[in-house]
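Peer 1: Chains as they are written, first to last, in the numbering used here: chain A, 11 to 574; chain B, 177 to 401; chain C, -13 to 260.
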Amino acid sequence: MRQFLLRLDERLQLIIIASLVGICGGVGSVALNRSLSIVSTWLNTLRSHWYVFLFPACGAVLASVFLNQVIRDIGGHGVPEVIYSISKRGGLLRLRSSFSHLVSCLLTIASGGSAGPEAPVVISGSSIGSNIASFFRLKDRQRVVLVGCGAAAAIAAIFNAPVAGIAFALEAILGEWSPINIIPIAISSSVGTEISRFLQGNQIPFQNRLFPISPLDVVACLGLAVFTAFGSTALMRILKFVGDKCKGLVSYEWVRAGLGGLFVGLIGLVLPEVLGEGYEIIRTIIEQQFPPGLFLVGLVIIAKIVATSLTIGSGRSGGLFAPCLVIGSFIGLFYQRCLVEALPSVSWAGESYFALLGMAGLISSVMQAPMTGIFLIAEITGSYQVLISVVLVSVVSATLSHYFEPFSVYHQELIARGELVRPRTDRRILLELNIMELLETDCHIIHPEMTLKDFVSVVKRTNRNYFPVEDSKTGNFLGMIHLDDVRSYIFNYHLYDSVLVEELMNRDILSISLEDDLSSIFDLFEKTNLFSLPVVQDSKFLGLISKATILDHYRKELMVQEEI
Amino acid sequence: MKLTINDAGKLLGLPEVTIQRWIQQGKIPVQENGEGFFFVKKELEKWAYSHNIFLHRDIQKANSKGLFSKYCLLDAMKRGGVFFHVRGDNVKNILRETVSLSSLPPDADKDLLLDMLLQRERLASTGIGSGVAIPHPRYPMENLAGEAIVTTCFLEGAIDFNAIDGIPVFVLFLMLSPATDTHLKFLSRLSFCLRKDSFMYLLKNCTEKKIFLQKVEEIEGSFNG
Amino acid sequence: MKNQMLHVFRNTPFGRETLLQSIYFSKKTQIPLRVYIPKNRQFLMYFQNTVVTVDLDSNFLRSPETAEEHAEEIIKGGGLEPKFLQPKGFTASTLADIPVDFSFMCCPRSISDLSTKIGLGYIGPKVRNIVKNSSFPVLIPTPVYKEWNSITVFFGGSKNAINALKVGIKTMKTSGCPIKLFTQGEKKSREYYQQVLEENNLFNGIREGDIEWFFFKKGRFRENLFLVPHDSLIIVGAYGHGLVRELVFGSMMEEIQTILPNNMLIVGPNYTKS
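Following this line, the structure appears as structure tokens:
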């Protein structure tokens, strides 16, 4: 069967396999969703007991133990790992990531942790895509597309939002919108959505009523965008702060997770709205049934931000989408109530309108992915009439928050380590080229005891300008002669027999080793102002690297990376 | 037509390692059979065209880039001819006589050639000393059928060429080349011969074409070694 | 990392024996040694088609302050220059990426279980994974340092066996140790194997006396194994035949590693000559 598949046209292959990935990714999402609702329903029956505030702690500890000891799948909430793998490792992901995060996230959220099921579902979908690609022995480029397909299917299935899935995969995960990627991802996303609808029914999570909007409301959106920008900056900074502090304080992961969960549980005692995914709360807001009062809303916003940071910063097993939606809708609510307080004579649009916009704004800012935000909100609320406002808020909020936090929450970790590399950038190309490919070995080697006359006859025979000098007995690299340095002497035939190569050569040559990467080599070129540098390993001369050859290879690499 | 990874590398002007990496990353269209990877030439050409990458048309041509082709002075001299007792009493007449003797292609413009030779003489004398001159046109001639011609003329009487050392010229070598680098190559070989005392002696006393050419062959043989 | 040998150092006396073995191997094959001292419980190796997660047992991380010092001492004592590997890529802050373009790698029989628990007949799943996916042969050393003076290659005619023999011949050339070729020809005749050898031009440039061929027509494989010298390096191909066939008929490598305590160099199905 594998053989049959491989004989098809590449694009057709990709489409078929993308559908397969869509099915698997969709099933994974649905499985998590179902289990979440089942477990939380069961746990809800125990909510009246006194020890209910310990639940988040227990859940977090169990999740941490499962992830770290049982499955041994370390590493954040995982989406950075997917991005890293795509940009540097041709999309290879570990198989265990397909299910490990699903289980641990189930434990965390069902017990009340403030996180969402999206990031784990993305990792699981991506890992499924990657391993299916490896199963069919596909090449790196196709595997990368399939990882994107898996992510798209996962998001599409969880939110019943196919376009949001496509936008997320292209914007956040792959980082490029090229035609070759869009088709398989679109297919996978649609298949994932279909699976979800088939298994769970076609429900729009936050169906709302139509509401009248006046132009004044649209203008008011700009103010909301400012609020959401601040909200997103606050969330990201507190998240980072908590994460760093936790790592410093306690070294055992499960203790960390437990403590974080404990604090969340305590907060939850006072403000139960803060626990769990929060979709119920959002529904309440959209139905405009949240209890009135400005102060309460403000408090909830802060509490939710803190709770999310504690859950994710300490135990690190959950996604940010859902908390962003909750915080966003609360910010919208807060803003609307402020407006009503400030200018009571104007008939502002309802709370649900601003809640929607708040969600859009916050998601766009935190993910630095305005398209995803726009499509997601449009699809999960089924309302396209507010599209103008949604677009306005998303774009303005994302742009504003860009000043404070220029990178999305997923990319920050990678950038801090210097590992974020986008396709078709200079860094990417320099990473791909390696020294062995650029090495020029057709050099004429000379020895220190040769006379100027011998050197001149060597120069006559080659078309090179740099000559490495090697010790005749040990073969060790001693230095180099550059034609420019000796230009004034080589025509002076009186010196031919009296000057030796070792008197002419330059001994302090900065050399490159095989392990250096190209960016550092370029720095060296800048520093020395030379056009060629020698590559020396274990004191042996291996060849030259010259700027001209690098240019040739660089251009070809760039042209090959471009999609037609 | 099937190509190996090595062939593909040569056509693209890239090392094998790069091609292998591209195969693994899926950037280049490749096919696989039991023994490994291979390319189909037409597929590769289409792919290179769409990506704007230059492909050498031929593997042999790609291979021979950078190799200098053989420059044989003997052959050039044979093509040009060796003449004795050439008459003329001044530079212009001698050159005219030489041009008419030398075996140029039938459509060559002899008047133009003579004009170019005289222009060159006016710039600087081609008498390089010891009675030898190497007249050549200022610019390479286009319709020379791609191969250089060296016409050797032993003069009946020595002529004043305004040479560097003032010595009248008794032998001249008319050098016609299709390109500058060919001209330089032949010039260098000729000057190598002229530096040999045995050659100069022969020039002064030679009366037979066969002996002359034999000597050139001998010297060129040692040069090639 | 081409033309280098990877060794993952365990800072225990057991690890010392393994390192000594790698040093000896490096000297005999003239491939320089590169030592990695792990800082975390896991590291990743990204091969062409899979990523293998290597979970280390806690012994590998014991007393990190003295690890480098000990390793340097042992390597210098063996007459080589100590060279350490600093991983450049990180999948997560605690997950290092180890490059895979080495010429050889030294792995103990198990890398994720306590060394005290394993004995003959056990090769851990991580090590198996590495062998299956790597383009380099994997050296499984004896528990205690033991020098080898000859090379025994098991030749069963499969593609991996041919690669094993190629590795053997290369090793013979650099180390000067003679090769003993072992073939258990249960169903096929000697001529069949001879033909395979000739088709692959394996014996080009080999002198008489460099290779001794032991061809067994009868007798049980296990018993014939006694003829393998105790101080011989064993080279064998692995995972050459399909999974089903291996389960049903048993694989040569499994039998060998159950019975022979010698140093073993396993050549996997993805072996490529560098």
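Ideal placement from N, C-alpha and C gives every residue a C-beta, glycine not left out.
If contacts are defined as beta-carbon pairs under 8 Å, then Gly254 (chain C) and Val139 (chain C) qualify, I think. What distance do you get, rounded to the angstrom?
Peer 2: Along the third sequence, read from residue 1 onward, the residue named residue 254 (chain C) stands at position 268. Along the third sequence, read from residue 1 onward, the residue named residue 139 (chain C) stands at position 153. With a Cβ gap of about 15 Å, Gly254 (chain C) and Val139 (chain C) do not count as contacting.
Peer 1: I'd like the list of long-range same chain contacts for Asp507 (chain A), defined as Cβ closer than 8 Å, with 5 residues on each side in sequence excluded.
Peer 2: Here residue 507 (chain A) refers to the residue found at position 497 of the first sequence. For Asp507 (chain A), where only same-chain residues beyond five positions count, the Cβ hits under 8 Å are Thr461, Leu462, Lys463.
Peer 1: Does the beta-carbon of Glu177 (chain C) have 16 or more other beta-carbons within 10 angstroms, so that it is buried, or is it exposed?
Peer 2: Here the question's residue 177 (chain C) lines up with position 191 in the third sequence. So Glu177 (chain C) ends up on the exposed side.
Peer 1: For a test of the three-state rule: what should DSSP assign to Leu42 (chain C), helix, strand or coil?
Peer 2: Counting from 1 along the third sequence, the entry for residue 42 (chain C) is found at position 56. Coil.
Peer 1: Measure from the alpha carbon of Leu280 (chain B) to the alpha carbon of each residue in B:Pro205, B:Met351, B:Arg298, B:Leu249, then state which is nearest.
Peer 2: The residue given as residue 280 (chain B) occupies position 104 in the second sequence. Minimum Cα distance to Leu280 (chain B) is reached at B:Met351.
Peer 1: Is the stretch 86 to 103 of chain A touching the stretch 258 to 268 of chain A, taking contact as three or more C-beta pairs under 8 Å?
Peer 2: No: the two stretches stay apart, fewer than three of their Cβ pairs being nearer than 8 Å.
Peer 1: Val336 (chain A) and Ile296 (chain A) look like a contact to me (Cβ under 8 Å); what is the Cβ gap, rounded to whole Å?
Peer 2: Start at 1 with the first residue of the first sequence, and residue 336 (chain A) comes out as number 326. Start at 1 with the first residue of the first sequence, and residue 296 (chain A) comes out as number 286. In fact, because the Cβ distance is near 12 Å, the residues do not count as touching under 8 Å.
Peer 1: Name the chain A residues whose beta carbon is nearer than 7 Å to that of Val193 (chain B)?
Peer 2: The count along the second sequence starts at 1 and reaches residue 193 (chain B) at position 17. Neighbours of Val193 (chain B) on chain A, chain order: Met446, Glu447.
Peer 1: Quick check on the burial criterion: 16 or more other C-beta atoms within 10 angstroms. Buried or exposed for Leu366 (chain B)?
Peer 2: In the second sequence, counting from the first residue as 1, residue 366 (chain B) sits at position 190. Answer is buried; the Cβ neighbour count reaches 16.
Peer 1: Would you list the one or two residues that DSSP bridges to Phe213 (chain B)?
Peer 2: Along the second sequence, read from residue 1 onward, the residue named residue 213 (chain B) stands at position 37. In the DSSP output, where bridge partners are listed per residue, Phe213 (chain B) has B:Glu208.
Peer 1: Return no unless some Cβ of chain A is closer than 7 Å to the Cβ of His227 (chain B).
Peer 2: In the second sequence, counting from the first residue as 1, residue 227 (chain B) sits at position 51. Yes, because at least one Cβ of chain A sits closer than 7 Å to the Cβ of His227 (chain B).
Peer 1: Glu219 (chain B): which of B:Leu294, B:Met292, B:Val206, B:Phe259 sits nearest, CA to CA?
Peer 2: In the second sequence, the residue the question calls residue 219 (chain B) occupies position 43. It is B:Val206.
Peer 1: Please list, in chain order, the residues of the stretch 134 to 153 of chain A that have any C-beta partner in chain C closer than 8 Å.
Peer 2: Listed by position, the residues of the stretch 134 to 153 of chain A near chain C (Cβ gap below 8 Å) are Ser144, Arg147.
Peer 1: I want to verify the contact list: residues of chain B whose CB lies under 9 Å from the CB of Gly323 (chain A), in sequence order.
Peer 2: Reading the first sequence from its first residue, position 313 is the one you call residue 323 (chain A). The premise fails here: Gly323 (chain A) is roughly 36 Å from chain B at the closest Cβ pair, so nothing lies under 9 Å.
Peer 1: State the Cα-Cα distance for the pair Val268 (chain B) and Ala339 (chain B), rounded to the nearest angstrom.
Peer 2: Counting from one through the second sequence, the residue named residue 268 (chain B) turns up at place 92. Counting from one through the second sequence, the residue named residue 339 (chain B) turns up at place 163. Looking at the sequence shown, residue 268 (chain B) is not Val but Lys. Distance between the alpha carbons of Lys268 (chain B) and Ala339 (chain B): 15 Å.
Peer 1: Are the Cβ atoms of Phe385 (chain A) and Ala177 (chain A) separated by less than 7 Å?
Peer 2: Position 375 of the first sequence, counted from the start, is the residue given in the question as residue 385 (chain A). Position 167 of the first sequence, counted from the start, is the residue given in the question as residue 177 (chain A). Yes, Cβ-Cβ distance for Phe385 (chain A) and Ala177 (chain A) is below 7 Å.
Peer 1: Can you name the residues of chain A whose CB is closer than 9 Å to the CB of Gln200 (chain B)?
Peer 2: Indexing the second sequence from 1 puts residue 200 (chain B) at position 24. Simply Gly100, Lys149, Asp150.
Peer 1: Return the residue from the list C:Pro(-1), C:Ile109, C:Tyr225, C:Ala57 that minimises the CA-CA distance to Tyr22 (chain C).
Peer 2: Mapped onto the third sequence, residue 22 (chain C) falls at position 36. If we check each option's Cα against that of Tyr22 (chain C), C:Ala57 comes out closest.
Peer 1: Write down every uninterrupted run of the alpha helix (DSSP H) in the stretch 503 to 541 of chain A whose length is 4 residues or greater and which is fully enclosed by it, in chain order.
Peer 2: Qualifying alpha helix (DSSP H) stretches, in chain order: 511 to 514, 528 to 538.
Peer 1: By the three-class DSSP mapping on this structure, what secondary structure does Asn35 (chain C) have?
Peer 2: For the purposes of this step, residue 35 (chain C) is taken as residue 49 along the third sequence, with counting starting at 1. Coil at Asn35 (chain C), not helix or strand.
Peer 1: Between the stretch 374 to 385 of chain A and the stretch 172 to 189 of chain A, can you find at least three pairs of beta-carbon atoms closer than 8 Å?
Peer 2: Yes, since at least three Cβ pairs between the stretch 172 to 189 of chain A and the stretch 374 to 385 of chain A fall closer than 8 Å, the two stretches touch.
Peer 1: In chain A, which residues lie less than 8 Å from Pro18 (chain C) when you measure between Cβ atoms?
Peer 2: Residue mapping note: residue 18 (chain C) aligns to position 32 of the third sequence, counting from 1. Simply Asp548.
Peer 1: Whole-angstrom Cβ separation of Ile341 (chain A) and Gly368 (chain A), contact assumed at under 8 Å?
Peer 2: Taking the first sequence and counting its residues from 1, one reaches residue 341 (chain A) at position 331. Taking the first sequence and counting its residues from 1, one reaches residue 368 (chain A) at position 358. With 8 Å as the limit, Ile341 (chain A) and Gly368 (chain A) qualify as a contact, their Cβ atoms being about 4 Å apart.
Peer 1: Any idea if Thr358 (chain B) is buried or exposed, counting beta-carbon neighbours within 10 angstroms, 16 or more meaning buried?
Peer 2: For this step, residue 358 (chain B) is matched to residue 182 along the second sequence. Thr358 (chain B) should be labelled buried.
Peer 1: Can you tell me the Cβ-Cβ gap for Gln(-10) (chain C) and Phe88 (chain C), rounded? I've got them flagged as a contact below 8 Å.
Peer 2: Here residue -10 (chain C) is taken as the residue at index 4 of the third sequence, counted from 1. Here residue 88 (chain C) is taken as the residue at index 102 of the third sequence, counted from 1. Between Phe88 (chain C) and Gln(-10) (chain C) the Cβ distance is about 6 Å, and since that is below 8 Å, they are a contact.
Peer 1: So, does the stretch 523 to 540 of chain A touch the stretch 443 to 462 of chain A, judging by three or more C-beta pairs under 8 Å?
Peer 2: Verdict: yes, contact present.
Peer 1: Under 7 Å, do Ser124 (chain A) and Ser242 (chain A) count as touching if we go by C-beta distance?
Peer 2: Your numbering for residue 124 (chain A) matches position 114 in the first sequence. Your numbering for residue 242 (chain A) matches position 232 in the first sequence. No, they are not a contact pair.
Peer 1: Which chain A residues sit within Cβ distance under 8 Å of Ser96 (chain C)?
Peer 2: As a working mapping, residue 96 (chain C) is identified with position 110 in the third sequence. Going along chain A, no residue has its Cβ under 8 Å from Ser96 (chain C), so there is no contact; the nearest lies around 15 Å.
Peer 1: Secondary structure at Val265 (chain A), three-state DSSP: helix, strand or coil?
Peer 2: Taking the first sequence and counting its residues from 1, one reaches residue 265 (chain A) at position 255. Here Val265 (chain A) sits in helix by DSSP.
Peer 1: On the three-state DSSP scale, how would you describe Gly333 (chain B)?
Peer 2: Numbered from 1 along the second sequence, position 157 holds the residue referred to as residue 333 (chain B). Three-state DSSP puts Gly333 (chain B) in a strand.
Peer 1: Pull up the CB-CB distance for Leu19 (chain C) and Gln28 (chain C), whole angstroms please, since I reckon it's below 8 Å.
Peer 2: Along the third sequence, one-based indexing puts residue 19 (chain C) at 33. Along the third sequence, one-based indexing puts residue 28 (chain C) at 42. Rounded, the Cβ-Cβ distance is 23 Å, inconsistent with contact.
Peer 1: Whose C-beta lies closer than 8 Å to the C-beta of Asn35 (chain C) among residues of the same chain, with five residues either side of it excluded?
Peer 2: Position 49 of the third sequence, counted from the first residue, corresponds to residue 35 (chain C). Cβ neighbours of Asn35 (chain C) beyond the five flanking positions: Asn119.
Peer 1: Just verifying my parser: in three-state terms, what is the DSSP assignment at Thr138 (chain C)?
Peer 2: Taking the third sequence and counting its residues from 1, the one referred to as residue 138 (chain C) is at position 152. The answer is strand: DSSP assigns Thr138 (chain C) an E or B state.
Peer 1: At 8 Å on the CB atoms, spell out the chain C contacts of Arg427 (chain A), in chain order.
Peer 2: Sequence index remark: in the first sequence, residue 427 (chain A) carries index 417 (1-based). Correct list: Phe76, Ser79.
Peer 1: At what residues does the alpha helix (DSSP H) containing Leu448 (chain A) begin and finish?
Peer 2: Along the first sequence, read from residue 1 onward, the residue named residue 448 (chain A) stands at position 438. Taken as a continuous stretch (DSSP letters only), the alpha helix (DSSP H) holding Leu448 (chain A) covers 445 to 448.
Peer 1: For chain A, check one thing: does any of its Cβ atoms lie closer than 7 Å to the Cβ of Tyr32 (chain C)?
Peer 2: The residue labelled residue 32 (chain C) in the question sits at position 46 within the third sequence. For Tyr32 (chain C), the answer is yes, since a Cβ of chain A falls inside 7 Å of its Cβ.
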